[in-house]
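Visitor: Numbering (our numbering), first residue to last: 6 to 228. Positions of the beta carbon are idealized from the N, C-alpha and C atoms, including for glycine. Can you keep this structure in mind? I'll have questions shortly.
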Amino acid sequence: MDGDSNEVFPAEDHLFKDSFSADKTFTFFGQKCIINEVFGGNLGVAASVWDAGIEMCRFLERECVEVCGKRVMELGAGSGLVSILAARLGARVTVTDLPEVLPHTVRNIDSNTPLNSWPAGPPTVLPLFWGRDLEQFSSQWDLVLGSDIVYIPETFPLLLHTLVHLSKCGAVVYLSSKMRREHHTHEFYNTLLPQRFLVELVHRDAHKNINIYRATLSRTQKP
């Protein structure tokens, strides 16, 4: 997974070549976030704010999910909207994605720094290849979040392994996904994830075909 053409997560050079960007403004919990999206470059899916991420923010707001003071890990943060919101609400956030994505994430985090600084400190930004070097990451999390990260079947076992490690000490996992049949997203939630987790569908937007799942590690899986 270091940039080989055979890797599941290929690295890309010249990420912003022949690209342009635009800002989008989002408001949740009274917090205004301005997110820069990059189009036409080689960041691909990581460059945009996808509907599943927006739906995750709406869900956290609508359900009054408590994030203040919580230890929050986001997988596949991309442009960083969900992590930025959680950090502005007082969570201690660790933001992860592939190394080539993180400069874009960091730019958005920096541009959304509150005037009085981050309530619980700035988000920590770290590269993470799913299923690899997990011993470098704690299992002490309250919430693990992921939005639109279930779409490459070859990565499903790696994602599951990563979620198990991060949830060993009782984290609650929230995953928001566009339910793309062609990407076998249903199989991950209906077959693979329940092998290790107790899984509950907590929200569905039928119009946008987005589901949000809550998952906790099965008792038999905990240390």
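#1: Quick one: is Arg-97 buried, meaning 16 or more other Cβ sit within 10 Å of its Cβ, or exposed?
#2: Please report the Cβ distance between Ile-39 and Ser-116, rounded to the nearest whole angstrom; I am assuming they are in contact, meaning their Cβ atoms lie under 8 angstroms.
#3: The alpha helix (DSSP H) spanning Ser-116 covers which residue range?
#4: For Leu-90, count neighbouring C-beta atoms within 10 Å of its own C-beta (all shown protein chains included) and say buried if the count is 16 or more, exposed if not.
#5: Helix, strand or coil for Arg-201 per DSSP?
#6: Hey, would you say Leu-164 sits closer than 8 angstroms to Val-149, going by beta carbons?
#7: Please classify Ile-89: does DSSP put it in a helix, a strand, or coil?
#8: Determine, using beta-carbon pairs with one atom in the segment 211-221 and one in the segment 182-193, whether at least three such pairs fall under 8 angstroms.
#9: Helix, strand or coil: which one does DSSP assign to Ala-176?
#10: Hey, quick one: how far does the alpha helix (DSSP H) through Glu-79 stretch, first residue to last?
#11: Name the DSSP bridge partner or partners of Asn-216?
#12: Secondary structure at Leu-148, three-state DSSP: helix, strand or coil?
Guide: To lay it out plainly:
#1: buried
#2: Contact between Ile-39 and Ser-116 holds, since their C-beta atoms are separated by about 7 angstroms, short of 8 angstroms.
#3: 107-116
#4: buried
#5: coil
#6: no
#7: helix
#8: yes
#9: coil
#10: Counting along the chain, Glu-79 falls outside any alpha helix (DSSP H), though it belongs to the beta strand (DSSP E) covering 76-80.
#11: The partner list for Asn-216 (beta bridge, DSSP) reads Ser-182, Arg-209.
#12: strand
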